[in-house]
Amino acid sequence: MSLYPAVFLDRDGVLNEDRGYVWRWADWRWLPDVVEALIQLKAAGFKLVIVTNQAGVAKGLYQETDVQKLHQRVALELNKRGLKLDGFYYCPHHPDYGGPCQCRKPAPGLIQRAAKDLSLNLDQSFLVGDKVTDLEAGRQAGVTSFLVRSGYGQISEGLVPPHVLVFDHLAAATRHILKITS
Ligand SMILES: [Mg+2]
Ligand SMILES: [Zn+2]
Numbered sequence: 002m003s004l005y006p007a008v009f010l011d012r013d014g015v016l017n018e019d020r021g022y023v024w025r026w027a028d029w030r031w032l033p034d035v036v037e038a039l040i041q042l043k044a045a046g047f048k049l050v051i052v053t054n055q056a057g058v059a060k061g062l063y064q065e066t067d068v069q070k071l072h073q074r075v076a077l078e079l080n081k082r083g084l085k086l087d088g089f090y091y092c093p094h095h096p097d098y099g100g101p102c103q104c105r106k107p108a109p110g111l112i113q114r115a116a117k118d119l120s121l122n123l124d125q126s127f128l129v130g131d132k133v134t135d136l137e138a139g140r141q142a143g144v145t146s147f148l149v150r151s152g153y154g155q156i157s158e159g160l161v162p163p164h165v166l167v168f169d170h171l172a173a174a175t176r177h178i179l180k181i182t183s
């Protein structure tokens, strides 16, 4: 069985502006050059997988169906640009509201579930996130992980281990990924 390389993408602060608990399409704002970067990654043979903590569900701020509806809308908008994402994985839990789980980042559960579902080769995969918890999830899953300064990244930058590469935004991280894998 052949295994595919993937790029795991945190959602808020990497793809769209992190405005705090984004669950309505009306609140979705693409960050600059994101769609073009995704198209380039897909063209290079990467599966594209969103991995996002959505504790607003556990906190009762919105429902899982809201998360799913938003993701369907994001997928639809990308389809219009000729791009198909390969998976949307979210953790609806929060340790203070219903107890711990295996999927909330920094746990690697979302990545591991996607790897199983989509036959991914984690050794050849990458993760892009704007928080230390994203990078930790990637590290635990064995995925090379990068920080971006969009979203919370500028705050996170001082907290990441020195060997972690930091880029201004997804487009810059994408250029790096394409360079080192070509
Ligand atoms: Mg984020
Ligand atoms: Zn969870």
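In the working numbering, the protein residues as written are 2 to 183.
Every residue gets a Cβ at the ideal spot worked out from N, C-alpha and C, and that includes glycine.
Whole-angstrom distance between GLY46 and TRP24, CA atom to CA atom: Translated into the one-based positions of the sequence shown, residue 24 becomes position 23. Translated into the one-based positions of the sequence shown, residue 46 becomes position 45. Each residue's Cα considered, the two are about 29 Å apart.
Segment limits, alpha helix (DSSP H) that includes GLY139: Within the sequence shown, residue 139 is the residue found at index 138, counting from 1. Element bounds for GLY139: 133-142.
Ligand 2 heavy atom lying under 6 Å from the CB of ARG1: Beyond the ends of the chain as shown, which are 2 and 183, falls residue 1; an answer cannot be given.
Nearest residue (CA-CA) to LYS43, options ASN80, ASN54, LYS60, GLY14: Residue numbering aside, residue 43 sits at position 42 when the sequence shown is read from its first letter. Ranking the options by Cα distance to LYS43, first place goes to ASN80.
Euclidean distance between Cα positions of LEU15 and GLY100: Along the sequence shown, one-based indexing puts residue 15 at 14. Along the sequence shown, one-based indexing puts residue 100 at 99. Here the sequence assigns Val to residue 15, which means Leu is not the residue at that position. Distance between the alpha carbons of VAL15 and GLY100: 27 Å.
Paired residues, beta bridge with SER126 - DSSP: To locate residue 126, count along the sequence shown from 1; it is residue 125. BP columns for SER126 are empty, so no partner.
Continuous alpha helix (DSSP H) stretch holding ALA173: start and end: As a first step, residue 173 must be located in the sequence shown, where it is residue number 172. Unbroken alpha helix (DSSP H) run through ALA173: 171-182.
Simplified DSSP state of TRP31, which is helix, strand or coil: If you number the sequence shown from 1, residue 31 lands on position 30. Looking at TRP31 - three-state DSSP - the assignment turns out to be strand.
Contact between the segment 6-22 and the segment 120-135 (3+ Cβ pairs under 8 Å): yes
Proximity to ALA115 [Cα-Cα], best of THR66, LYS48, PRO163, ALA38: Walking along the sequence shown from the start, residue 115 turns up at place 114. Nearest option by C-alpha distance: LYS48.
Test item: CB-CB of ALA142 and ILE178 under 7 Å: Reading the sequence shown from its first residue, position 141 is the one you call residue 142. Reading the sequence shown from its first residue, position 177 is the one you call residue 178. No.
Bounding residues of the alpha helix (DSSP H) (the contiguous stretch that carries LYS48): Translated into positions along the sequence shown, residue 48 becomes position 47. That residue, LYS48, is in no alpha helix (DSSP H); its beta strand (DSSP E) goes 48-54.
Alpha helix (DSSP H) runs contained entirely in the segment 38-109, provided each spans 4 or more residues: 65-81
Beta carbon of GLY130 nearer than 7 Å to that of ASP11: To locate residue 130, count along the sequence shown from 1; it is residue 129. To locate residue 11, count along the sequence shown from 1; it is residue 10. Contact: yes.
Spatial distance of LYS76 from ALA38 (CA atoms): Counting from 1 along the sequence shown, the entry for residue 76 is found at position 75. Counting from 1 along the sequence shown, the entry for residue 38 is found at position 37. At residue 76 the sequence reads Ala, which differs from the Lys that was named. Whole-angstrom Cα-Cα distance: 15 Å.
Distance CB(ARG82)-CB(VAL36) smaller than 7 Å: Reading the sequence shown from its first residue, position 81 is the one you call residue 82. Reading the sequence shown from its first residue, position 35 is the one you call residue 36. Contact flag set, yes.
Beta-carbon gap between LEU171 and SER157 smaller than 7 Å: For the purposes of this step, residue 171 is taken as residue 170 along the sequence shown, with counting starting at 1. For the purposes of this step, residue 157 is taken as residue 156 along the sequence shown, with counting starting at 1. No, Cβ-Cβ distance for LEU171 and SER157 is not below 7 Å.
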